[in-house]
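Below is one structure, written out as structure tokens; comments come after it.
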Amino acid sequence: SKGQSPGESSPSSSVLKNIMSLRSVQNGVSPDYVSKSCADNSTDSILNKNNPTASSTANVEEAVWFLMRAAYGKEKKAKDFLEAKGIKTFLPLQTQTYIYKGKKKHRQVSLIPNFLFVKSSEEEMKQYIGKGELDFFHHYYVPHKDDRGRPLGKNGIKPLVIPTCQMESFIRWNEISDDNKLFVADDKIKFAKNDVVKIVDGKFAGLEGYVCRIKGQSRIGIVVNGVGTIFTAYIPKCMLKKV
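Its first residue numbered 2, the sequence shown is counted upward by one per residue in our numbering.
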């Protein structure tokens, strides 16, 4: 069966009620949510431990993944502009089904409306954001605190940076066509068992995350700091290897 063996971890019930299928996610991650989820010191320390932000590293030219915010509906315009400048971007999409004149139609829409992921440095982005053709485009800032919760820097904030390994998994997940994969706007999901496993077979092969049970099926959950958690479709145990 596609059930769960004893010992496998599951998200809490409070999280389960917020789980949405890929096709039903419309509102994505709100700015308030991103700010709240990244204000926690634990997230801040995770971001800095192995993946220093451009503002905290001596080499300001190091390219990192930023979460950027755009004016309503303009993330695609920002993507096209930056890619024309040779800057790498990632705009996760989903297929939206709707009815027009009695007929079922499909269209590609942003999974996280009004946000765009950009791989660059702060110095490079200063040339473009908030001015000219990108006057509607800005860094998404989060609290910057020390271990005691005291503000660091001039304003106590810094651009949100997402670890490269998480972005690579997110991009790979987004490329896989499967109606049963899920996105949840919550990066604080508690997994009862913190053992990391790797998928070794099937369309999701290569992804690493935590085993959990959703909608009666065992899946793999992958946290994207400050953004949410992505889940694969059903993955049988024979396709998993403990890392």
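For glycine and all other residues, C-beta sits at the position ideal for the given N, C-alpha and C.
This structure is a prediction, so every number in the text was calculated from the model and none was measured.
The Cβ atoms of residue 90 and residue 107 lie no closer than 8 Å to each other. Spatial neighbours of residue 88 in its own chain (CB-CB distance under 6 Å, excluding positions within 5 residues in sequence) are listed in chain order as 121.
Per the coordinates, the alpha-carbon of residue 241 lies some 23 Å from the alpha-carbon of residue 189.
Look at the segment 54-128 and you find these whole runs of beta strand (DSSP E), each 3 residues long or longer: 65-71, 89-91, 94-101, 104-111 and 116-121.
Along the length of the segment 148-189, whole beta strand (DSSP E) runs at least 3 residues long occupy 158-160 and 183-185, reported in chain order. In this structure, DSSP gives residue 135 a helical state, which the three-state scheme calls helix. Taking 8 Å as the cut-off, the Cβ atoms of residue 119 and residue 227 do not count as close. In chain order, 240 place their CB closer than 7 Å to the CB of residue 202, counting only its own chain and leaving out the 5 sequence neighbours on each side. In terms of CA proximity to residue 70, 162 leads the group 162, 172, 207 and 199. Setting aside the 5 residues that flank it on each side, residue 206 is surrounded in the same chain by 200 and 240, each with a C-beta closer than 8 Å to its C-beta; the list follows chain order. Three or more beta-carbon pairs separated by less than 8 Å link the segment 177-186 to the segment 218-238, which places the two stretches in contact.
Considering only 211, 194 and 82, the residue with the shortest C-alpha distance to residue 128 is 82. The continuous beta strand (DSSP E) containing residue 198 extends over residues 197-200. For residue 167, the number of other beta carbons within 10 angstroms of its own is at least 16, and it is reported as buried.
In this structure residue 68 is not in contact with residue 93, their Cβ atoms being roughly 11 Å apart against a cut-off of 8 Å. Assignment of residue 216 by DSSP, reduced to helix, strand and coil, places it in the coil class. For the pair residue 109 and residue 215, the Cα-to-Cα distance works out to about 26 Å. Taking the Cα of residue 86 as reference, the smallest distance to any Cα among 147, 125 and 186 is reached at 125.
If you check the CB distance, residue 157 and residue 139 do not come in under 8 Å. Here the alpha carbons of residue 105 and residue 99 stand approximately 6 Å from one another. A direct Cα-to-Cα measurement between residue 208 and residue 170 gives close to 6 Å.
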